[in-house]
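Structure first, then comments.
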Amino acid sequence: MAYEIKQIKLEKPRKVVYAITDALGITERASKRLVDKGRVKCNGTTVERKGEIVDGTLEVLFYEPTPIIDVEVVFEHEDFAIFDKPPFMLVHPNGFNTKTSLLDNIKNLYGLSANIVHRLDYETSGLVIASKNKKSEAVLKTMFENRQVKKQYIALLQGSLNKTIEIRTFIEKQNINGEIKIKQNSSNEGKEAVSIFEPMEKIEKLSATLVKVSPLTGRLHQIRLHSAHIGMPIFGEPIYGNTICTAGKYLDKKLSKEERLEQTKANRICLQAERLEFNYLGESIVATSKLNAKSDFLKAVRGEE
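If you count the sequence shown from 1, you need to add 293 to reach the working numbering.
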């Protein structure tokens with residue numbers, strides 16, 4: 294488990310930061326961060342001040358990376374590594390959730406300063422970049438923010454796509470219902486999102502098209518939204534292009550596996566981060582996923598994991 298509650302029984306009153314530092318063997322700075330994030334309780338009450346004197350029993354929500362096996366390193370550099378994330382794996386730990394994450398593996402391999410520099414959804418497979426130090430983290434995150442990383446995905450779409458198309462829309466931020474909407478025209482409320490969809494193969498028995506997708510912007514759920522926007526949602530898509538009932542049940546975690554398969558045509562979102570291309574401090578980097586997207590998608594359509 295990535296997050297564990299550590300109990301510290303105090304023999305006498307002490308400043309909370311010193312008590313945590315000595316008991317867990319971490320730095321005072323790290324102990325202060327735990328207090329700042331509300332992860333420390335004393336006798337059941339959250340400690341709010343770093344200089345607070347405490348007595349009794351402390352409970353500290355403490356992150357400890359847990360090793361994960363079978364996550365392949367596709368490319369390794371002295372400053373970063375690129376991993377092939379399988380579907381159904383969290384990129385980051387999910388609070389009290391008992392599931393481990395890709396970040397656990399990365400911190401075990403490269404130390405606590407290592408970090409993941411971009412996002413990839415839980416069900417999406419494919420390439421994820423992890424920095425090995427704070428300097429490379431800053432450089433790589435800036436490159437993503439400035440659109441200096443070329444990304445290519447593979448997706449299985451419902452319907453027939455006959456030619457390469459560019460989709461250009463405006464996407465609003467999430468509203469209170471957790472839904473993201475496309476704005477059909479220019480709006481101060483939305484941000485422009487551009488994707489290029491290129492057909493790779495028709496799969497007639499599924500009435501499906503395997504496509505390459507190149508997002509030219511990096512909006513949240515952009516490819517999923519754009520697929521639904523053209524009336525060709527991704528196989529397994531439970532929210533965009535689906536019924537309000539199905540989307541609501543999925544967001545409330547009440548959609549059964551059987552319902553998911555029947556209503557979305559797959560047991561996961563059939564989307565894979567296939568290729569990354571960028572220039573890192575003068576060095577050209579190209580990485581391609583070794584996962585078989587088509588084969589994995591067809592397993593998802595059959596309900597296999």
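No residue lacks a Cβ here, since even glycine has one placed at the ideal position from N, Cα and C.
Beta carbon of residue i nearer than 8 Å to that of residue j
| i | j | result |
| --- | --- | --- |
| K378 | V410 | no |
| N560 | A593 | yes |
| R412 | V442 | no |
| S429 | F355 | no |
| V310 | E297 | no |
| V333 | V353 | yes |
| N264 | Q556 | Residue numbering for the chain in the displayed model covers 294 to 598; residue 264 lies beyond these limits and cannot be assessed. |
| F528 | M436 | no |
| I464 | K484 | yes |
| L513 | I489 | no |
| K444 | L569 | yes |
| G511 | R440 | yes |
Neighbour-count burial assignment, residue i, 16 or more Cβ in a 10 Å radius
| i | result |
| --- | --- |
| K583 | exposed |
| A312 | buried |
| N398 | buried |
| D329 | exposed |
| F381 | exposed |
| Q477 | In this prediction, Q477 scores a pLDDT of 41, lower than 50, which makes its location untrustworthy; no coordinate-derived value is stated. |
| L574 | exposed |
| G471 | Confidence in G471 is poor, its pLDDT being 49 and thus under 50, which makes the residue's placement unreliable; the coordinate value appears in the next sentence. Exposed is the call here. |
| V506 | buried |
| I473 | With a pLDDT of 49 at I473, under the threshold of 50, the predicted position of this residue should be treated as unreliable, though the coordinate-derived value follows. Flag for I473 reads buried. |
| S479 | Residue placement at S479 cannot be trusted, given a pLDDT of 42 that sits under 50; the coordinates are not used to answer. |
| S577 | exposed |
| R553 | buried |
| S500 | exposed |
| T502 | buried |
| D545 | exposed |
| G337 | exposed |
| I469 | Note on I469: pLDDT 40, under 50, position unreliable in the model; the coordinate value appears next. Looking at its Cβ environment, which holds fewer than 16 other Cβ atoms inside 10 Å, I469 is exposed. |
| V579 | exposed |
| D589 | buried |
First and last residue of the uninterrupted beta strand (DSSP E) at residue i
| i | result |
| --- | --- |
| Y573 | L564 to Y573 |
| L433 | Taken as a continuous stretch (DSSP letters only), L433 belongs to no beta strand (DSSP E), being part of the alpha helix (DSSP H) at K427 to E438. |
| F590 | Segment A586 to V594 is the alpha helix (DSSP H) holding F590; no beta strand (DSSP E) there. |
| R322 | Premise fails: R322 lies in the alpha helix (DSSP H), E321 to D329, not in any beta strand (DSSP E). |
| S488 | G483 to I496 |
| S520 | Careful: S520 lies outside any beta strand (DSSP E), inside the alpha helix (DSSP H) at Q515 to H522. |
| S577 | E576 to T581 |
| V366 | E365 to E369 |
| K444 | K443 to Q451 |
| Y356 | T350 to Y356 |
| T502 | A501 to P508 |
| K334 | V333 to C335 |
| A423 | S418 to S424 |
8 Å contact criterion, which residue i and residue j should meet: CB distance rounded
| i | j | result |
| --- | --- | --- |
| A423 | A407 | 6 Å |
| L317 | K299 | 6 Å |
| L405 | F376 | Contact doesn't hold; Cβ gap of about 17 Å is too wide. |
| H519 | A486 | 7 Å |
| A448 | I516 | 6 Å |
Reference residue i, options the options, closest by Cα
| i | options | result |
| --- | --- | --- |
| T587 | E494, L574 and V310 | Reading off the sequence, residue 587 comes out as Lys, not Thr. The shortest Cα separation from K587 among E494, L574 and V310 belongs to E494. |
| S453 | R440, K427 and K498 | K498 |
| L450 | L591, K305 and K308 | L591 |
| G344 | S324, V353 and D363 | S324 |
| K550 | Y356, L564, E365 and E530 | E530 |
| G349 | R307, L548, R553 and E371 | R307 |
| C563 | I464, T581 and M525 | M525 |
| I460 | T536, E304, E491 and G596 | E491 |
| F368 | T581, L544 and L351 | T581 |
| G331 | D315, L351 and K547 | L351 |
| K425 | Y415, G419, E438 and Y403 | Y403 |
| V366 | G419, T339, E438 and D315 | G419 |
| E371 | K427, L548, R326 and T462 | K427 |
| T462 | I523, T393 and K558 | I523 |
| K456 | V504, T339 and Y446 | V504 |
| Y415 | I496, T393 and E304 | T393 |
Opening and closing residue of the alpha helix (DSSP H) in which residue i lies
| i | result |
| --- | --- |
| Q556 | K550 to T557 |
| D377 | Run containing D377: none in the alpha helix (DSSP H); it sits in the beta strand (DSSP E), F373 to K378. |
| R461 | Careful: R461 lies outside any alpha helix (DSSP H), inside the beta strand (DSSP E) at I458 to E465. |
| L317 | V309 to L317 |
| T539 | I537 to L544 |
| K400 | L395 to Y403 |
heavy atom of the ligand NAD below 7 Å from residue i C-beta
| i | result |
| --- | --- |
| F571 | By its list of ligands, the structure shown contains no ligand whatsoever, and the ligand NAD lies outside what it can speak to. |
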